[in-house]
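> Okay, here's the structure, questions in a sec.
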Amino acid sequence: YDHYDVFVMNTILTATFDFVNLSCMEPTVESLPLIREAGSFPWYLCDQTGVGKAFTLFMFTKSSKIAITDYIQAIPNMNYWICCVNDFLSFHKEELAGETGNYMHNCAYVEGITGVQVHADMGRELLEKWASIHTILAKSPHALELWQIWECGYIGWHLAQDRYKLKDLDL
């Protein structure tokens, strides 16, 4: 609490506990057959294990002097963007490996479409969330600048990792 506002720190801690809690359930959850009517379940897994809310808020330290009201409305979209960019960029390597126990294929199953279609839909949604985040944060240039630095680093890190096999795509 020395470095973060109470709301921010509590949210970081809650997201961390959610991650640990669901990670402990992972062996049980992985063996569950998906039910098509459980359409929100893939997002629940992604949200709880993606730690997006924590990563979203790590940048907003007390020393940044950015009011919570300048970014609180962007938190849901930032969380989605952080969680789903990882899944979006992991899709190529997972397809090459024949992996299907992932967010894309879980969504594909419950939505009755292909993983490739989920990937395309997610790409469009990520662009919409990105634009929304930038619009919301535009009223606070410092908040927007912190986010832009973070998002560039996040994408850059993924592009630099050999494990994602993104160099194969000549991006």
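So for the sequence shown, my numbering puts the first residue at 2; every next one is plus one.
Using N, Cα and C, we set each Cβ at its ideal position, and we do this for glycine too.
Quick caveat, the model's predicted, so the values are computed rather than measured.
With respect to the alpha helix (DSSP H) encompassing Phe20, which residues constitute its N-terminal and C-terminal limits?
Phe20 -> alpha helix (DSSP H) spans 7-31.
> Among Met26, Leu58, His93, Glu95, which one has its Cα closest to the Cα of Glu152?
With distances taken between Cα atoms, Glu152 lies closest to Leu58.
> Considering only their Cβ atoms, is the gap separating Trp82 from Lys130 smaller than 9 Å?
Result yes, Cβ atoms of Lys130 and Trp82 sit closer than 9 Å.
> Got a sec, what are the start and stop residues for the alpha helix (DSSP H) Glu152 sits in?
Start and end: 142-161.
> Could you give the first and the last residue of the continuous alpha helix (DSSP H) run that contains Ile76?
76-98 is the extent of the alpha helix (DSSP H) around Ile76.
> I need the straight-line Cα distance from Pro142 to Phe8, nearest angstrom please.
Roughly 22 Å separates the two Cα atoms.
> Under 8 Å Cβ to Cβ from Ser64, same chain only, skipping five residues before and after it: list those, please.
His4.
> For the putative contact between Leu46 and Leu167, defined by C-beta atoms under 8 Å, what is the C-beta separation to the nearest angstrom?
Incorrect: roughly 24 Å between the Cβ atoms, too far for contact.
> Please classify Asn103: does DSSP put it in a helix, a strand, or coil?
Coil at Asn103, not helix or strand.
> Quick one: give me the first and last residue of the alpha helix (DSSP H) that Arg1 is part of.
Residue 1 cannot be examined here, being either before or after the span of the chain that is shown, 2 to 172.
> Would you tell me roughly how many angstroms separate the C-alpha atoms of Ile76 and Leu170, rounded to the nearest one?
Cα-Cα distance, rounded: 31 Å.
> Taking DSSP as the reference, what is the three-state secondary structure of Ile73?
If DSSP states are grouped into helix, strand and coil, Ile73 belongs with the helices.
> Should Leu14 and Thr50 be called a contact, given that it needs their Cβ atoms to be closer than 9 Å?
The answer is no: Cβ separation not under 9 Å.
> Determine the burial state of Ile150: buried for a count of at least 16 other Cβ atoms within 10 Å of its Cβ, exposed for fewer.
Answer is exposed; the Cβ neighbour count stays below 16.
> In terms of alpha-carbon separation, which member of Asp6, Thr136, Tyr155, Tyr165 lies closest to Glu95?
Taking only the C-alpha atoms, the option nearest Glu95 is Tyr165.
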